[in-house]
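Beneath this line is the structure, given in structure tokens, with notes to follow.
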Amino acid sequence: MTHTKILIQTYGCQMNVYDTEIIKRLLYPLGYTFTSAAKSADIILINTCAIREKAEQKVFSYLGRLALMKQNRANLIIGVCGCIAQNDGKKIINRSPCVDFVVGTHALFHLPSILDQVRKKTNNQNVFTDFYEKLDELDPKQEPILESNISSFVTIIRGCNNYCSYCVVPFVRGPEMSRSPEAILEEIEIKVSKGTREITLLGQNVNSYGKRENLLSFVQLLKRINKIDNLYRIRFTTSHPKDFNDDLIHAFVHLEKLCFHIHLPVQSGSNNILKQMNRKYSRDDYLKKIERLKQECPDICITSDFIVGFPGETQKDFEDTLSLIRTVKYDSLFAFQYSDRYVAPSYHYKQKVDESLKRERLMELLSVQSDNTLRRNERFIGQTVQVLVEGKSKRNPGQWTGRTSGNKIVNFIAPNLNKDIHASLIDVFIEEACAHSLRGVIA
Ligand code: 5AD
Ligand code: SF4
37 MTHTKILIQT YGCQMNVYDT EIIKRLLYPL GYTFTSAAKS ADIILINTCA
87 IREKAEQKVF SYLGRLALMK QNRANLIIGV CGCIAQNDGK KIINRSPCVD
137 FVVGTHALFH LPSILDQVRK KTNNQNVFTD FYEKLDELDP KQEPILESNI
187 SSFVTIIRGC NNYCSYCVVP FVRGPEMSRS PEAILEEIEI KVSKGTREIT
237 LLGQNVNSYG KRENLLSFVQ LLKRINKIDN LYRIRFTTSH PKDFNDDLIH
287 AFVHLEKLCF HIHLPVQSGS NNILKQMNRK YSRDDYLKKI ERLKQECPDI
337 CITSDFIVGF PGETQKDFED TLSLIRTVKY DSLFAFQYSD RYVAPSYHYK
387 QKVDESLKRE RLMELLSVQS DNTLRRNERF IGQTVQVLVE GKSKRNPGQW
437 TGRTSGNKIV NFIAPNLNKD IHASLIDVFI EEACAHSLRG VIA
């Protein structure tokens, strides 16, 4: 048994957060322990994100700080895993010589033997970035699940086959691979037995679940998960608009645990740009799907992702995006300035948009949406909503905090209540709408 201490520094999306949990589940049974203090760590492992240049810069600036630390601690082992690791392999070590080893997104599952090799220096290999046909399943019974969060992630499908022209994901995470329904259900059941009440199913495109392996469809999987006792809520992310269909709309209507929120990234409101992005739907296709969804589920909360300043984006293209935002009236959205990634096809597209213009467009887009966000929050004033209580508010310990089914944060007071309502579903009367949250009082 080793008593080595590891610090895992996680950057990027929810899938990386889940992969960090996988790393812990792989290493914990071998006697590794985890720390959040760099000072006491024997190994520092950085789980990285390559989606935009900014995400990459954060990792290399952290590596700069670690290089200084390593000057006085020759035994400190530094590893890089995740999406930058898969993309750049050996180049990372050339750029940051303090890095001892690099593990890609598939080789991650071999981390125990990789760490063994690296520490015993049994061979000279220090870059592990092979892709595999099949990924290992961790036995949920043998490997303790360390986090017993009220809300947990479970990856159901890895990789992506869509090749949107701006995106690194298909190159760094490989082709789509679905986990078996049995493994997913068992993992959720174990998490629920340890206190999880809400599960977010993860995949780059959850609608493709099971297609390659001929398993259950995504909606069939949702129906099975909906039957798990003591699980209160199911969320998922992300759904690709091209595959969003009536089956999923019906699931929102009929599956009582499925939360009333959909994240449906459109990226742009211009047909020309959607085509250049290889998104495989038109503005009209998207708006029709949103219309159908709103007809069947009028109360559903809708969110999206946008990229501004994609190569060749004209003022007219950008205005089409603004008009789509005004039409859909999203509950909230994420917007990003286009970032050139050398593996993505759009890297080679001409007519790159100036950084300053991208910034201007981003600001304008966010200001158009901020009106929508507030209006969409205000509709809850005077209503009673059900909140899954996550705990006491960090900013104001006199208040509780949680989320609605539509994923709105609610801060509320519970006068004269001595009961611990942590992890329970509580009715809250909404009195006030703020820019990013709702405020109320226990009903
Ligand atoms: N530049 C800017 N944003 C990007 N995204 C993906 N690739 C890029 C890129 N090269 C955004 C998309 C996606 C979200 C996760 O990140 O909006 O939906
Ligand atoms: Fe990237 Fe497109 Fe795949 Fe999403 S669907 S991960 S944006 S390639």
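Heads up, the sequence shown is in my numbering, so the first residue is 37 and it goes up one at a time.
Think of the CB as a built atom: it goes at the ideal place given N, C-alpha and C, for glycine as much as any other residue.
Just so you know, these numbers come straight off a predicted model, no measurement behind them.
**OP:** Would you list the residues sitting across from Ala469 in a DSSP beta bridge?
**Re:** In the sequence shown, the residue the question calls residue 469 occupies position 433. In the DSSP output, where bridge partners are listed per residue, Ala469 has Leu474.
**OP:** Please confirm if Met213 has its CB atom under 8 Å from at least one CB of chain B.
**Re:** Among the chains in the structure shown there is no chain B, since it carries only a single protein chain.
Original post:
On the three-state DSSP scale, how would you describe Ser187?
Top reply: The count along the sequence shown starts at 1 and reaches residue 187 at position 151. Residue state, collapsed to three classes: strand.
**OP:** Tell me, to the nearest whole angstrom, how far the beta carbon of Ile59 is from that of Ile82; I am working on the premise that it is less than 8 Å.
**Re:** Mapped onto the sequence shown, residue 59 falls at position 23. Mapped onto the sequence shown, residue 82 falls at position 46. At roughly 11 Å, the Cβ-Cβ gap does not stay under 8 Å, so Ile59 and Ile82 are not in contact.
Subject >> Opening and closing residue of the beta strand (DSSP E) in which Glu391 lies >> reply: What you label residue 391 is simply residue 355 of the sequence shown in a count that begins at 1. Taken as a continuous stretch (DSSP letters only), Glu391 belongs to no beta strand (DSSP E), being part of the alpha helix (DSSP H) at Glu391 to Glu414.
Original post:
Going straight from the alpha carbon of Phe346 to that of Gly118, what length do you get?
Top reply: Position 310 of the sequence shown holds residue 346. Position 82 of the sequence shown holds residue 118. About 25 Å.
Original post:
Once you ignore the five residues that flank Ile457 on each side, which residues in its own chain have a CB closer than 6 Å to its CB?
Top reply: Locating residue 457 in the sequence shown gives position 421, where the first residue counts as 1. These residues qualify, in order along the chain: Val425.
**OP:** Grab the span of the alpha helix (DSSP H) containing Arg215 for me, first residue to last.
**Re:** Here residue 215 refers to the residue found at position 179 when the sequence shown is read from its first residue. Premise fails: Arg215 is in no alpha helix (DSSP H) and is neither H nor E.
Original post:
Which residue or residues does DSSP assign as beta-bridge partners of Gln373?
Top reply: Locating residue 373 in the sequence shown gives position 337, counting from the first residue. DSSP output for Gln373 lists Val344 as bridge partner(s).
Subject >> Contact shell at 6 Å, judged by CB to any heavy atom of ligand 2, ordered along the chain >> reply: Cys196, Asn198, Tyr199, Cys200, Cys203, Val205, Pro206, Gln240, Asn241 and His276
Subject >> Rounded Cβ spacing between Asp279 and Asn308 (contact assumed at less than 8 Å) >> reply: Along the sequence shown, one-based indexing puts residue 279 at 243. Along the sequence shown, one-based indexing puts residue 308 at 272. 22 Å between Cβ atoms; not a contact.
Original post:
For Glu292, does the three-state DSSP call read helix, strand or coil?
Top reply: Here residue 292 refers to the residue found at position 256 of the sequence shown. Note: Glu292 maps to coil in three-state DSSP.
Original post:
If Asp283 and Val255 are in contact, beta carbons under 8 Å, what's the gap, nearest whole angstrom?
Top reply: Within the sequence shown, numbered from 1, the residue matching residue 283 stands at position 247. Within the sequence shown, numbered from 1, the residue matching residue 255 stands at position 219. With a Cβ gap of about 5 Å, Asp283 and Val255 count as contacting.
**OP:** Would you check if the distance between the CB atom of Leu99 and the CB atom of Val139 is smaller than 8 Å?
**Re:** As a working note, residue 99 is residue 63 in the sequence shown. As a working note, residue 139 is residue 103 in the sequence shown. No. Outside cutoff.
Original post:
Quick one: complete beta strand (DSSP E) runs, 3+ long, within the segment 314–340?
Top reply: none
**OP:** Report the rounded CA-to-CA distance for Lys394 versus Arg248, giving the unit in angstroms.
**Re:** As a working note, residue 394 is residue 358 in the sequence shown. As a working note, residue 248 is residue 212 in the sequence shown. Each residue's alpha carbon lies about 38 Å from the other.
Original post:
For Tyr317, which option in Ser304, Cys85, His299 and Glu327 has the closest C-alpha, if you only look at C-alpha atoms?
Top reply: On the sequence shown, residue 317 is found 281 positions in, with the first residue counted as 1. Considering only alpha carbons, the answer is Ser304.
Original post:
Whole-angstrom Cβ separation of Arg215 and Ile235, contact assumed at under 8 Å?
Top reply: The residue labelled residue 215 in the question sits at position 179 within the sequence shown. The residue labelled residue 235 in the question sits at position 199 within the sequence shown. Their Cβ separation, rounded to whole angstroms, is 14 Å, which puts Arg215 and Ile235 out of contact at 8 Å.
Original post:
Which one of Ile478, Glu391, Leu323 and Tyr378 has the shortest CA to CA distance from Thr363?
Top reply: The residue given as residue 363 occupies position 327 in the sequence shown. Minimum Cα distance to Thr363 is reached at Leu323.
**OP:** Tell me whether the beta-carbon of Ala371 lies closer than 8 Å to the beta-carbon of Asn413.
**Re:** The sequence position of residue 371 within the sequence shown is 335, counting from 1. The sequence position of residue 413 within the sequence shown is 377, counting from 1. No, these two residues do not count as a Cβ contact at 8 Å.
Original post:
Start and end of the alpha helix (DSSP H) containing Gln122?
Top reply: Along the sequence shown, read from residue 1 onward, the residue named residue 122 stands at position 86. Counting along the chain, the alpha helix (DSSP H) containing Gln122 begins and ends at Cys119 to Asp124.
Original post:
For the 8 Å Cβ check, are there 3 or more pairs between the segment 161–171 and the segment 120–130?
Top reply: yes
Original post:
Secondary structure at Ile445, three-state DSSP: helix, strand or coil?
Top reply: Residue 445 sits at position 409 when you count from the first residue of the sequence shown. It is a strand residue.
**OP:** Compute the beta-carbon to beta-carbon distance between Ser340 and Tyr366, rounded to the nearest angstrom, for a pair I have assumed lies under 8 Å.
**Re:** Against the sequence shown, residue 340 aligns to sequence position 304. Against the sequence shown, residue 366 aligns to sequence position 330. So it is a contact: roughly 6 Å between Cβ atoms.
Original post:
In the DSSP assignment, what are the bridge partners of Val116?
Top reply: Residue mapping note: residue 116 aligns to position 80 of the sequence shown, counting from 1. Per DSSP, Ile82 and Val138.
Original post:
Do Pro451 and ligand 3 come close, with the Cβ less than 7 Å from some heavy atom?
Top reply: Because ligand 3 does not appear in the structure shown, any question about it cannot be addressed here, the ligands present being ligand 1 and ligand 2.
Original post:
Run through DSSP, which three-state label would Phe167 get?
Top reply: Taking the sequence shown and counting its residues from 1, the one referred to as residue 167 is at position 131. Coil at Phe167, not helix or strand.
Original post:
Leu43 lies in the alpha helix (DSSP H); which residues open and close that run?
Top reply: Here residue 43 is taken as the residue at index 7 of the sequence shown, counted from 1. Premise fails: Leu43 lies in the beta strand (DSSP E), Lys41 to Thr46, not in any alpha helix (DSSP H).
Original post:
Measuring CA to CA, which of Asn262, Glu400, Thr273 and Pro206 is closest to Gln351?
Top reply: Here the question's residue 351 lines up with position 315 in the sequence shown. When each option's Cα is compared against that of Gln351, the closest is Glu400.
Original post:
How would you write the range of the beta strand (DSSP E) that Val421 sits in, first residue to last?
Top reply: Locating residue 421 in the sequence shown gives position 385, where the first residue counts as 1. Start and end: Thr420 to Lys428.
**OP:** Grab me the residues of Lys444's own chain with a C-beta within less than 6 Å of its C-beta, minus the 5 sequence neighbours each way, in chain order.
**Re:** Translated into the one-based positions of the sequence shown, residue 444 becomes position 408. Taken in chain order, the residues that qualify are Leu474.
Original post:
Can Ser375 be considered in contact with ligand 1, in the sense that its beta carbon sits closer than 7 Å to one or more heavy atoms?
Top reply: One-based indexing of the sequence shown puts residue 375 at position 339. Answer for Ser375: yes, Cβ within range of ligand 1.
Subject >> Close beta carbons around Leu329, own chain, < 6 Å, minus the five adjacent residues each side >> reply: As a working note, residue 329 is residue 293 in the sequence shown. For Leu329, where only same-chain residues beyond five positions count, the Cβ hits under 6 Å are Ile285.
**OP:** Specify, as a first and last residue, the run of the alpha helix (DSSP H) that Gly100 falls within.
**Re:** In the sequence shown, the residue the question calls residue 100 occupies position 64. From DSSP, the alpha helix (DSSP H) with Gly100 extends over Glu89 to Gln107.
Original post:
If you draw a straight line from the alpha carbon of Leu410 to that of Val228, how long is it in whole angstroms?
Top reply: Taking the first residue of the sequence shown as 1, we reach residue 410 at position 374. Taking the first residue of the sequence shown as 1, we reach residue 228 at position 192. Straight-line Cα distance between these residues: approximately 34 Å.
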